[in-house]
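In our numbering, the protein residues as written are 5 to 435.
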């Protein structure tokens, strides 16, 4: 963006969210250059007619339209009414903080959109459709929409208020030029983001493969292997045992102490204090109010089977405290090294083994100690478990650092993309 210079002269727009604009740009309410909600699906549509429906949750600022649902008109929600043309822009008028804003391309022009969207369409001779796209996708405009929304828990903006927002409009010749440069530059940035995102995916695949290999095959590439007799494990070193989990971990039913802090079992951080989780995530969590007297005590280096364990494995406890009564607390025996089993319990193959113990797997289903004891696990000596854990600690740390570094570069590219769009459509730079 530093390659571009500002315009020679500016004036105050009088529009809070824009500030200064080029001297020759015009200031107009959006409705002067764009219409809204021009077309809708009539109530007389045949119930059997198939429609492609886009709901509020299926569109967002970063990815555009991400999901389309096929359904009959008769089974569609009553809000499935808005129609759009290619080049139109959809803006959510409800829950505006979600930033459900997207341009409608050719592939989505046949879709039916929720009435929660305002469908904006450029007026011929006044606004270029491609410029409308970038005008509405710029951060300052989206912030203005949020600022003019009403309601706390369910903020919404009236479509007439939305199109009444004033904006700065250059000549159509400039609109075309700005739209062309933005298309080129954002495509270049998006290509970089795609490549870096794929790199992260490959790193995560490598991470998981390293863990799975180390906890099932060990570190010696020349060791003799034997069939474990367990499908998810495959072959293991000849000197390893393959035993049931209950020989390595006992179930603890010890009730919580009066001064126990509340712990949160998370797939991302392990089992940590609830307050720490809320701080890390930047949001409040609704606490359980029933069966508090039945909550279970858990200590550092215990493991917890939670309601999400069938999806993401068993979590290690990082602090002393208490967990929900429905959770299973596992106490390690002297034959288990917590570092080794921290990796094993989070490996994809172990999770598949855990899932195989249940015929009723579904989101939110509790798993029991009986499920756990059914899963046989590879068990080297404690000293070898420690060696594997140390190796993985070092190797995984380097991979995680590279993932973090790459993700940060993606975030910076997204910030640059947003800043460039805003600068271009508000006249901060002369393209």
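Each residue gets a CB set at the ideal place from its N, CA and C atoms; glycine is no exception. Everything numeric in this text was worked out from a predicted model, so none of it was measured.
Test: residue 147 CB closer than 8 Å to a CB of chain D: In the structure shown, chain D does not exist; there is a single protein chain.
Residue 288 - DSSP class collapsed to helix/strand/coil: Three-state result, residue 288: coil.
Cβ-Cβ distance between residue 272 and residue 317 below 8 Å: Cβ distance not < 8 Å, so residue 272 and residue 317 don't count as in contact.
Range covered by the beta strand (DSSP E) that runs through residue 381: That run of the beta strand (DSSP E) goes 380-383.
Cut-off 6 Å between Cβ atoms - residues of its own chain near residue 274, not counting five sequence neighbours on either side: Cβ contact annotation for residue 274 (same chain, cutoff 6 Å, sequence separation greater than five): 319, 320, 322, in chain order.
Residue range of the unbroken alpha helix (DSSP H) whose run includes residue 307: Per DSSP, residue 307 lies in no alpha helix (DSSP H); the unbroken beta strand (DSSP E) holding it starts and ends at 307-309.
Residues that DSSP places opposite residue 9 in a beta bridge: Note: residue 9 sits in a beta bridge opposite 434.
Proximity below 8 Å, CB of residue 60 to CB of residue 155: The answer is no: Cβ separation not under 8 Å.
Backbone secondary structure at residue 374 - three-state DSSP: It is helical.
Counted within 10 angstroms of its Cβ, other Cβ atoms place residue 22 as buried (16 or more) or exposed: In the assembly as shown, residue 22 is a buried residue. Its beta-carbon has 16 or more other beta-carbons within 10 Å.
For residue 20, the three-state DSSP class (helix, strand or coil): Three-state DSSP puts residue 20 in coil, outside helix and strand.
Nearest-angstrom Cα separation, counted from residue 180 out to residue 38: Between residue 38 and residue 180, the C-alpha separation is close to 16 Å.
Simplified DSSP state of residue 247, which is helix, strand or coil: Strand at residue 247.
With 16 other Cβ atoms within 10 Å as the buried cut-off, status of residue 90: With fewer than 16 Cβ atoms within 10 Å of its Cβ, residue 90 is classed as exposed.
Reduced DSSP category for residue 234 - H, G, I as helix; E, B as strand; rest coil: Residue 234 falls in the coil class under three-state DSSP.
Alpha carbon of residue 382 to alpha carbon of residue 347, nearest angstrom: Using only the alpha carbons, I get a separation of about 12 Å.
Counted within 10 angstroms of its Cβ, other Cβ atoms place residue 354 as buried (16 or more) or exposed: Counting Cβ neighbours within 10 Å, residue 354 comes out buried, since at least 16 surround it.
Beta carbon of residue 302 nearer than 8 Å to that of residue 333: Result yes, Cβ atoms of residue 302 and residue 333 sit closer than 8 Å.
Ranges of the alpha helix (DSSP H) found wholly within the segment 140-181, counting only runs of at least 4: Runs of the alpha helix (DSSP H) inside the segment 140-181: 143-151, 163-167.
At least three beta-carbon pairs within less than 8 Å, the segment 141-161 to the segment 372-391: Flag = no, the segment 141-161 and the segment 372-391 do not touch.
DSSP state of residue 28 mapped onto helix, strand, coil: It is coil, neither helix nor strand.
Contiguous alpha helix (DSSP H) assignments of at least 4 residues, all confined to the segment 115-144: Entirely contained in the segment 115-144, the alpha helix (DSSP H) runs reaching 4 residues are, in chain order, 133-141.
Span separating the alpha-carbon of residue 35 from that of residue 307: In a straight line, the C-alpha of residue 35 is about 59 Å away from that of residue 307.
Proximity winner among 52, 94, 289, 240, relative to residue 65 (alpha-carbon distances): For residue 65, the closest alpha carbon among the candidates 52, 94, 289, 240 is that of 94.
Inter-residue spacing [alpha-carbon to alpha-carbon] between residue 314 and residue 358: Those two C-alpha atoms are separated by around 7 Å.
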